[in-house]
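The opening residue of the sequence shown carries number 2 in this note's numbering; numbering runs sequentially from there. By construction, the Cβ of each residue, glycine as well, lies at the ideal position given by its N, Cα and C atoms. Single-structure report; data block below.
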Amino acid sequence: MRVLLTGSEGFIGGAVADALEARGDEVVRVDLMLPMAHGEAAAPAGTHQRDVRDAGTWGDLLAGVDVVCHQAAVVGAGVTVADLPAYAGVNDLGTAALLAAMHEAGVDRLVQASSMVVYGEGRYTCPEHGDQVPGPRSRAALEAGDVENHCPVCDRPLGWGLVDEDARLDPRSTYAVSKLAQEGYASAWVRQADAASISLRYHNVYGPRMPRDTPYSGVAAMFRSSLERGQAPQVYEDGGQMRDFVHVHDVARANLAALDAVVAAPAGHVAAYNVASGHPIGIRDVATLVARGTGSDLQPEVTGGYRLGDVRHIVASPERARRELGFSAEILPEQGLPAFATAPLRA
């Protein structure tokens, strides 16, 4: 199989490229090498340094390609309002330009990286009133230390549950809006181009080659960087936010399964899958496991701080990916997070 892989030198893209090449697939590596992710590093030999927003000029790269694996994106929650054009340009326009170029070249199969952030808040239930859909938490409540979502009927704190792929989509950050737009463009392209597409909704991905402590890196990397500086990891809210942390090697395996599935799928096929470990974990416990891996005695410091775009809990079900793609995670957070504490990171 000949695969064009965008974002091939990124944290996740690199793992996907390695997995594809290890099983004998031919990979056309493409990466713009954005400074926020790669610093001043140049594209390595064999990687085409191209801008996905200019994919209309990629005819030479798309020739003979069976399927595109689209990992290129600006990631993170969005640090300031000034980040809006970057997300809209690279993620939204870039995806639309790539799909148009694929159609022009006769390439009609796509796997693309999406994210659990498209759901917004997770699934919530009240023991008395059942499932509830809370609105965004207010700045005033967060400032007062009230981090929970409350039942709109009785006002008691809501419990969390697993979100499946049919849940309502309600993005709450700049990044989340851009990932939902990517899924929408892919769905429209499938109908118009008689194509097939799979979107993979990644949960919190961690592992080797993760970027170091930047506003665009994951929380596990930030905890590790704090420990390396001899500082206690800073945990927002009360540390009880529930998430799912999935190892990058498992994410690469999910991409291989999705690529095989979309190549074999009939025209008109559109699907989205949660890519998760299936083992929910609280953020304070994440910091504790990373600290354990470093051998540090430092304990997480719960600050009570918050980010307005964050949601309280988001934990999704991996069942559909297991059933339809044959994918289940092999590296669970209890083993993977301590090992991550000493894994090589991108400089």
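Asked, Found
"Run through the segment 13 to 73 for me and flag every whole beta strand (DSSP E) of 3 or more residues, listed as ranges in chain order.", "27 to 31, 68 to 71"
"With a threshold of 8 Å, are at least 3 pairs of Cβ atoms found where one atom belongs to the segment 252 to 260 and the other to the segment 326 to 338?", "yes"
"Just how far apart, CA to CA, sit A189 and R293?", "46 Å"
"Return the Cβ separation of V220 and T304 in integer angstroms, given the expectation that the two are a contact with Cβ distance under 8 Å.", "Incorrect: roughly 13 Å between the Cβ atoms, too far for contact."
"Who are M243's beta bridge partners in DSSP?", "G283"
"Between R110 and V264, how many whole angstroms is the CB-CB distance? I'm expecting something under 8 Å.", "5 Å"
"Quick one: what's E335 bridged to in DSSP?", "Answer is none; E335 lacks a bridge partner."
"Going by beta-carbon coordinates alone, are Y203 and G77 separated by less than 7 Å?", "no"
"Can you check which of these residues, C155, G107, P137, is closest to P128 by C-alpha distance?", "C155"
"Determine which residues share a DSSP beta bridge with P158 and list them.", "H151"
"Check P212 in the structure and name its three-state DSSP category.", "strand"
"If distances are taken between C-alpha atoms only, which option among C70, A322, A222, V119 comes closest to R347?", "A222"
"Among P86, L228, R138, which one has its Cα closest to the Cα of P153?", "R138"
"Helix, strand or coil for T81 per DSSP?", "coil"
"Measure the alpha-carbon distance for V271 versus L299 and round it to whole angstroms.", "47 Å"
"Please name the residue or residues paired with N275 in a DSSP beta bridge.", "R202"
"Grab me the residues of A20's own chain with a C-beta within less than 6 Å of its C-beta, minus the 5 sequence neighbours each way, in chain order.", "A253, L257"
"Considering only DSSP beta bridges, list what A114 is partnered with.", "L201"
"For Q235, list the residues DSSP reports as bridge partners.", "E302"
"Indicate whether the contact test is met: 3 or more Cβ pairs, each with one atom in the segment 43 to 63 and one in the segment 277 to 286, closer than 8 Å.", "no"
"Got a sec? Which residues, its chain only, sit under 8 Å from Y186 by beta carbon, not counting five neighbours each side?", "D93, T96, A97, L100"
"Is any non-hydrogen atom of the ligand ADP found closer than 6 Å to the C-beta of P234, if you look at the structure I gave you?", "As for the ligand ADP, it is missing from this structure, which has no ligand bound."
"Contact check, R244 vs S226 under 8 Å by CB: the rounded distance?", "Wrong, their Cβ atoms sit about 19 Å apart, outside the cutoff."
"Tell whether a beta-carbon distance below 7 Å holds between R323 and E166.", "no"
"Thinking L62 and V28 are a contact (beta carbons under 8 Å), I'd like their distance in whole angstroms, please.", "Rounded, the Cβ-Cβ distance is 11 Å, inconsistent with contact."
"Checking the sheet assignment: what are the DSSP bridge partners for L352?", "The chain is shown from 2 up to 348; residue 352 falls before or after that span and cannot be answered."
"Could you tell me which residues DSSP puts in a beta bridge with A317?", "V164"
"Once the 5 residues before and after A262 are set aside, which same chain residues still bring their CB inside 7 Å of it?", "I199, L326"
"Specify, as a first and last residue, the run of the alpha helix (DSSP H) that D171 falls within.", "Run containing D171: none; DSSP gives neither H nor E here."
"May I ask you to report which of helix, strand or coil DSSP gives R140?", "helix"
"Measuring alpha carbon to alpha carbon, tell me which residue in E149, A145, R192, P281 is nearest P135.", "E149"
"Do T295 and A342 have their C-beta atoms within less than 7 Å of each other?", "yes"
"Going by DSSP, what residue range makes up the beta strand (DSSP E) through G123?", "First-last for G123: undefined, no H or E at that position."
"Under three-state DSSP, which class holds G185?", "helix"
"Going by the beta-carbon positions, is the gap between G1 and A87 smaller than 7 Å?", "What the structure shows of the chain is the stretch from 2 to 348, and residue 1 is not part of that stretch, so it cannot be assessed."
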